[in-house]
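Undergrad: In the working numbering, the protein residues as written are 44 to 268.
Written as structure tokens, this is what we have:
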């Protein structure tokens, strides 16, 4: 399985949406790794018969921990690159080819952006948009990386970045940690415009505004203390 691309899909209680997301990824021909983060439903049953790698956490540890579990697995398999992809259907599989093209063009890390020209996003909640811009400013001040979208979970890493990035933030603050590690390890980074669909399901399931605020506070506290 060397030199293959591994798409890592962290999942927690996603139900039938998980199977829909995975089925949309399979035609791309890459390896799909679902990391079940202690779900109450049974991803094994939901994904029965589908050619995926299913990894499990006995308890819910958080999205950062699930991504690290997936990345560790991909490294053991000799992956050439990994893609982080949300389980709730808000990312577009068609964008993955452009992530991989950017890696082939010399980037170590490619970050998806909802705010670059050409990006498509549907019904972004106003509170979420404001908090994302707040996170962008805080990340810029503390990491020196002024990105258009600091907390988009759609990203790709090549083998060099995969070896350099080891997440210790188990929950949502892992997104800020990734940016700090990119800067610290001097990795080459590029942003690309992506399509994000905020469906009724993803809006209901998604991160609450106060959790987004907690990420900003946690980043500030980690830098000050």
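Using N, Cα and C, we set each Cβ at its ideal position, and we do this for glycine too.
This one's a predicted model, so the numbers in the text were calculated from it and none came from an experiment.
1) Short check: CB of residue 155 to CB of residue 196, under 9 Å?
2) With which residues is residue 54 paired in a DSSP beta bridge?
3) Considering Cα atoms alone, identify which of 61, 66, 65 is closest to residue 84.
4) Please tell me whether residue 149 has its Cβ less than 9 Å away from any Cβ of chain D.
5) When burial is assigned at 16 or more other CB atoms within 10 Å of the CB, is residue 99 buried or exposed?
6) In three-state DSSP terms, what is residue 145?
7) Measuring CA to CA, which of 49, 46, 110, 129 is closest to residue 63?
8) What's the C-alpha gap between residue 268 and residue 212?
9) Report the three-state DSSP secondary structure of residue 121 (helix, strand or coil).
10) For the beta strand (DSSP E) that contains residue 233, what are its first and last residues?
11) Using the C-alpha atoms, what's the distance from residue 202 back to residue 226?
12) Please report the distance separating the alpha-carbon of residue 111 from that of residue 206.
13) Run through DSSP, which three-state label would residue 101 get?
14) Please classify residue 59 as buried or exposed, where buried requires at least 16 neighbouring CB atoms within 10 angstroms.
15) Which residue's Cα is closest to the Cα of residue 65: 139, 76, 193?
16) Select from 238, 222, 92 the residue whose C-alpha is nearest the C-alpha of residue 200.
17) Which residues mark the beginning and the end of the beta strand (DSSP E) in which residue 193 is found?
TA: Considering the structure as presented:
1) yes
2) 79
3) 61
4) Looking at the structure shown, chain D is missing, and only one protein chain is on hand.
5) exposed
6) helix
7) 129
8) Summary for residue 268: the model assigns pLDDT 46, below 50, so the residue's position carries little reliability; its value from the coordinates is reported in the next sentence. Distance between the alpha carbons of residue 268 and residue 212: 16 Å.
9) coil
10) 232-236
11) 17 Å
12) 11 Å
13) coil
14) exposed
15) 76
16) 222
17) Neither: residue 193 is in no beta strand (DSSP E) and is coded neither H nor E.
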